[in-house]
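Take the sequence shown: its position 45, counting from 1, is numbered 139 in the numbering used here, and each next residue is one higher.
Quick notes on the structure that follows.
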Amino acid sequence: MAVARGDEPADLVLAGGHVLSVFTKEWLDVDVAVVDGFVVGLGRYQGRERLDVSGKYVVPGFIDA
């Protein structure tokens, strides 16, 4: 919860990509915050590790391992 609120950094931030919202079926230009392997938020986040995915498309659910 603290990461989703922006109070603590995420483990990993996927930054700058085009993210598919599975709820609205729209492409969003937002960061994806990940903690313990789970997506915890979309928006602008700080992270311990930051992966630049500019120009890439991020789609949840393609790989579930």
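We put the beta carbon where it would ideally sit given N, CA and C, even for glycine.
Note that the coordinates shown come from a computational prediction; the quantities given were computed from them, not determined experimentally.
Can you give me the Cβ contacts of V144 inside the same chain, cut-off strictly under 6 angstroms, excluding the 5 residues immediately before and after it? As a first step, residue 144 is located in the sequence shown; it is residue number 50 there, counting from the start. Strictly speaking, residue 144 in this sequence is Arg, with Val absent from that position. Only V107, A109 meet the Cβ criterion.
My output table needs one value for V97: the three-state DSSP class, helix, strand or coil. Counting from one through the sequence shown, the residue named residue 97 turns up at place 3. Helix.
I'd like to check one pair, G137 with D146: are the Cβ atoms closer than 8 angstroms? Reading the sequence shown from its first residue, position 52 is the one you call residue 146. Reading the sequence shown from its first residue, position 43 is the one you call residue 137. Taking 8 angstroms as the Cβ cut-off, D146 and G137 do not qualify as a contacting pair.
Hey, D105 and D130: beta-carbon distance below 8 angstroms or not? Residue mapping note: residue 105 aligns to position 11 of the sequence shown, counting from 1. Residue mapping note: residue 130 aligns to position 36 of the sequence shown, counting from 1. Their beta carbons are under 8 angstroms apart, which means D105 touches D130 by this criterion.
Nearest CA to the CA of D123: which residue from Y151, G155, H112, G149? The residue you call residue 123 lines up with position 29 of the sequence shown. If we check each option's Cα against that of D123, H112 comes out closest.
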